[in-house]
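Throughout, our numbering is defined as the position within the sequence shown, counted from one, plus 9.
Working notes, beginning with the structure itself.
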Amino acid sequence: EEELDIVSSRNREAAQIADRALAEARMNAEFAENAAKRVVAVKGLLSKSHNQAVSSETVAGTADAEAKISEKRALEAEKRASRARDEAEKHRLKAEEESKKEDELLMELDAEQEQLKL
């Protein structure tokens with residue numbers, strides 16, 4: 010009977026150990042499942058981050074191209090404005106010359122009219 014008690018006691022201990030091992034295995038399985046979900050979530054975030062980086066690179070490239078185009082257009086506009094200023098200056102000088110000639114002709118005319126009066 011003493012041996013039966015020992016065997017029964019060992020069986021209970023073995024059952025308790027098995028129960029604890031099962032509980033620990035279930036807990037570890039839950040941890041593993043949660044870790045797998047976290048890995049999926051992190052991979053999703055990484056993919057989203059990569060897509061945003063690619064999109065940002067595209068936007069930056071487009072902005073750079075637009076800036077170069079704008080710079081080229083600005084240089085062209087400066088050249089046109091410079092040519093227009095040069096033309097305006099030529100017209101102003103020509104107008105001054107014409108006014109001077111007109112003034113000289115008027116003075117000659119006045120002088121001739123004075124001569125005719127005498």
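A virtual CB, placed ideally from N, CA and C, is assigned to each residue, including glycine.
Being a predicted model, the structure only gives us computed values, none of them experimental.
- Straight-line measurement puts the Cα of R19 at about 14 Å from the Cα of E10.
- Taken through DSSP and simplified to helix, strand or coil, E111 comes out as helix.
- In this structure, the alpha-carbon of M116 lies about 21 Å from that of L102.
- In the structure shown, E106 adopts helical secondary structure according to DSSP, grouped into three states.
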